[in-house]
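Quick note on my numbering: the sequence shown kicks off at 87 and runs consecutively.
Here's the structure, in structure tokens; my notes come after.
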Amino acid sequence: MYEFWIEVGEQDPQSVSKDAQRKIQDWGAIRTRSENLNGPQYAFKSSKDPRRLLGDLERKGDILHWGFFFESQLTKPRRKPTKTPGADEKAKLFAKLHERFGKTLGGKP
């Protein structure tokens with residue numbers, strides 16, 4: 087679950103900030119109340135990653151800034167690394183295959 091905040095300009099008309107909020111809610115985020123926000127800042131919660139949407143809104147000028155409440159949400163989830171055998175394991179495997187198949191690894195004498 088992603089919890090994030092947006093900041094709209096104080097000088098912006100009310101319709102601009104309402105339009106930005108409507109775009110975020112249409113995208114699938116739910117508006118939440120947060121006590122630690124001040125000024126023209128709004129909090130949202132979503133199950134989807136909002137980075138692309140918020141970046142687009144920031145580039146268009148609909149919002150000034152955005153961020154996550156928790157630092158752990160700043161990093162993207164990583165895939166599990168694939169295990170690559172080291173040089174020792176490769177040498178052992180080659181020796182095992184050499185014993186099994188002889189001089190050629192194709193199995194032909």
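We treat Cβ as the ideally placed atom computed from N, Cα and C, and that holds for glycine.
Keep in mind the model is a prediction, meaning the values are calculated, not measured.
Go ahead and pull the three-state DSSP assignment for residue i.
i: I92; result: strand
i: F130; result: strand
i: I110; result: helix
i: R119; result: coil
i: F154; result: strand
i: G141; result: helix
i: D148; result: coil
i: D105; result: helix
i: D174; result: helix
Spatial neighbours of residue i within its chain, please: CB distance less than 6 Å, with the 5 preceding and 5 following residues excluded, ordered by chain position.
i: I92; result: Y128, I149, W152
Go through its chain and collect everything with a Cβ distance to residue i's Cβ below 7 Å, but skip five positions before and after it.
i: W113; result: L139
i: T118; result: A129, F130, K131
i: P136; result: Y88, F90, A115
From the options, pick the residue whose C-alpha is nearest to that of residue i; which is it?
i: K134; options: L179, R186, Q111, K182; result: Q111
Can you check whether the CB of residue j is closer than 9 Å to the CB of residue i?
i: F90; j: F180; result: no
i: V94; j: S101; result: no
i: A115; j: S132; result: yes
i: P126; j: E96; result: yes
i: L143; j: K109; result: yes
What residues in its chain sit with their C-beta under 8 Å from that of residue i, if we drop five residues either side in the sequence?
i: P171; result: L179
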